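Right, one structure below, let's go through it.
Numbering (the numbering used here), first residue to last: 235 to 442.
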């Protein structure tokens, strides 16, 4: 049974769930504070620590919106709360992302974790993003889009290999930056054949 939440904790959890459903990403600390009436970001962090200890969410400190819901709630889930997210494997250059040849299977997850209906999943290979809390074997959820804001974590296609990196655009080039000092950034010229942004990372799932 889920642990009891006080009024502010429940309100914060409901707001995080609603923001993920509506926008496909969790809110910032300031947005949570404004919603529940806490002006201090440290106060919001403390509240999130409580929700994390009670098993309702996990946090990735390196991400500005690094909140991931665990799916633990006291509400009975209906089919409307669940969706099957396509798990993408290798992506052939020139093919649509969700072409049947690219899909390894489907993951049935809570809609609050998956975000919007067009979200896709990708299993992480390697440890180049470990310092951002993304580990080998994790499954990331991404919202399909062809561009991103500086500092976003994206799924990018290089040839027929998908990679997860920080997005750092430059004047004529794009830097795909790892979160592991033992890896070098990947630099590509804009317009390079076989290169494209597939989506922005909005969530993560890890088997314990």
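Backbone N, C-alpha and C fix where the C-beta goes; we use that ideal spot for every residue, glycine too.
None of these values were measured; they are calculated from a predicted model.
Item, Value
"Residue 353 beta carbon less than 9 Å from that of residue 258", "yes"
"DSSP bridge partner residues for residue 439 (one or two, in chain order)", "373"
"Where residue 260 falls, given that 16 or more other Cβ within 10 Å makes a residue buried", "buried"
"DSSP-derived helix/strand/coil call for residue 245", "helix"
"Stretch pair the region 363 to 370 + the region 266 to 286: three plus CB contacts closer than 8 Å", "no"
"Straight-line Cα distance separating residue 371 from residue 440", "8 Å"
"Completely contained beta strand (DSSP E) runs for the region 390 to 438, where each covers 3 or more residues", "395 to 403, 407 to 411 and 420 to 423"
"DSSP three-state assignment for residue 327, whether helix, strand or coil", "Here the model assigns residue 327 a pLDDT of 47, short of 50, so the residue's position is not dependable, and the following value carries that caveat. Coil at residue 327, not helix or strand."
"Beta-carbon proximity of residue 337 to residue 322, cut-off 9 Å", "yes"
"Contact the region 417 to 429 vs the region 390 to 407: 3+ CB pairs below 8 Å", "yes"
"Separation of residue 288 from residue 400, as counted between CA atoms", "30 Å"
"Minimum C-alpha distance to residue 242 - residue among 386, 423, 279 and 304", "279"
"Environment of residue 406 [buried if 16+ CB atoms lie within 10 Å]", "exposed"
"Where residue 303 falls, given that 16 or more other Cβ within 10 Å makes a residue buried", "buried"
"Distance between residue 341 and residue 425 (C-alpha atoms, nearest Å)", "33 Å"
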